[in-house]
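Working notes, structure below.
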Amino acid sequence: MEKLKAVSWQLELGASCIDPSSVEFRVWAPKAQSVAVKIMGSTGIPTPLSQESFGYWKGTVQDLSPGTRYQYVLNHNMERPDPASRSQPDGVHGPSEIINPLAFSWTDTAWRGLPL
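Taking the working numbering, the leading residue of the sequence shown gets 68, the next gets one more, and so forth.
Here it is as structure tokens:
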């Protein structure tokens, strides 16, 4: 029997926890002149993301944890939720929420599926 490979939980886009206190943000915004990530509840200024090729923007923010809410700021004034967000607790127009799928506590280890 062929051995299955582990699946990565890190997405190409969106917010990805890269260690216990750092989150990498990546978004596709090809028409934006600037993109930053605004951490909700923070008094600091939004963190600018670096422009990559083909309209992608990327950056890492330290001292964040799952449950933190954020929005992207396009062109210094247009706040938008993450289109690749894993959680939108206040609906599709509200801030996005950082989720770490590796921290999920599974409770269904005894489930064996349905008979075929």
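The C-beta atom is built at its ideal place from N, Cα and C for all residues, glycine as well.
Asked, Found
"Beta-carbon proximity check, Pro115 vs Val102, cutoff 9 Å", "yes"
"Spatially closest choice to Phe92 from Thr127, Leu183 and Asp157, by CA coordinates", "Thr127"
"Local Cβ density within 10 Å of Gln100, reported as buried at 16 or more and exposed below that", "exposed"
"Outcome for Trp124 when other beta-carbon atoms lying within 10 angstroms are tallied against a minimum of 16", "buried"
"Buried versus exposed call for Val159 [16 or more other C-beta atoms within 10 Å across all chains shown]", "exposed"
"CA nearest to the CA of Val90, picked from Pro182, Thr176 and Ile166", "Ile166"
"Leu40 - partner residues in DSSP beta bridges", "In this structure the chain extends from 68 to 183, so residue 40 is not present and cannot be described."
"Beta-bridge partners of Gln100, as assigned by DSSP", "Answer is none; Gln100 lacks a bridge partner."
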